[in-house]
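Using the numbering used here, the first residue of the sequence shown is number 20, and each one after it goes up by one.
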Amino acid sequence: TALPNQSMWVLNEKLEPCGFGVTGDIYIGGVGVAREYWRDRQTTAGSFVLLPTTGERVYRTGDRGRWHRSGYIEFLGREDQQVKLQGFRVELGDVEFALKSSELVAEACVVCRDETRNGTPYLEAYFTLTEAGKASVQAEQRIREQVTAALP
């Protein structure tokens, strides 16, 4: 359920409320919703919308879910590749991009492991090396340094 002065919606592609048990996109509204993405009109336009039924401005979270008759929303997963690690939102695509930016990496894939290390989910990267990477005896260390420098 939503906090005071907040609203939660499960909506279909036409921004209409989904019935109980019907999967849709989760939106949030109310006083706590940001006005926009700073200096990013394109992302703002895709994430903040006005509901045709009420005129309320809501934020599309990227989460999928469905209402239960008891009043709670069941979270069913994300539409994108965003994960939460130690309280931080991480886009797996950003990590893959950082890996592929290395002259040593040809292809890369990053996954979030639900199995935990010391109670914390973690990221695991799989990649193939370029010819330059195959020729480097310290490729793994150099890639790690490059990715660490590229990401916050």
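Where is the CB? At the ideal position from N, CA and C, for every residue including glycine. Computed from a prediction, not measured in an experiment: that's the story for all the values here.
Neighbourhood of residue i by C-beta distance below 8 Å, restricted to the same chain and skipping five residues each side
i: Leu104; result: Cys131, Thr139, Pro140, Tyr141 and Leu142
i: Gly51; result: Leu22, Asn24 and Gln25
i: Asp133; result: Pro140
Residues of its chain near residue i, where Cβ-Cβ distance is below 6 Å and the 5 sequence neighbours each way are ignored
i: Leu111; result: Gln100 and Val129
i: Gly96; result: Arg83
i: Ala168; result: none
i: Gly49; result: Asn24, Gln25 and Ser26
i: Ser121; result: Ile162 and Gln165
i: Glu115; result: Ala127 and Val129
i: Gly152; result: Leu123 and Ala158
Exposure label - residue i; buried when at least 16 CB within 10 Å
i: Glu150; result: exposed
i: Val77; result: buried
Contacting residues, own chain, Cβ-Cβ under 7 Å from residue i (five flanking each side not counted)
i: Leu148; result: Leu123, Val124, Ala125 and Ala158
i: Arg88; result: Phe39
i: Phe63; result: The identity of residue 63 in the sequence shown is Thr, whereas the question assumes Phe. Excluding sequence neighbours, Thr63 sits near Glu55 and Tyr56.
i: Arg79; result: Asp44, Tyr46, Ser66 and Val68
i: Ser155; result: Leu123 and Arg161
Residues bridged to residue i [DSSP beta-bridge criterion]
i: Trp28; result: Tyr46
i: Pro71; result: Note: Pro71 sits in no beta bridge, so no partner.
i: Lys103; result: Arg108
Expected contact under 8 Å - CB spacing of residue i and residue j to nearest Å
i: Leu118; j: Ile47; result: 32 Å between Cβ atoms; not a contact.
i: Ile92; j: Val29; result: 6 Å
i: Asp113; j: Leu34; result: Incorrect: roughly 28 Å between the Cβ atoms, too far for contact.
i: Phe107; j: Ala127; result: With a Cβ gap of about 20 Å, Phe107 and Ala127 do not count as contacting.
- Query: At what residue ranges does the segment 115 to 158 contain a whole run of the beta strand (DSSP E), taking only runs of 3 or more?
  - Reply: Segments of the beta strand (DSSP E) lying fully in the segment 115 to 158: 124 to 136 and 139 to 148.
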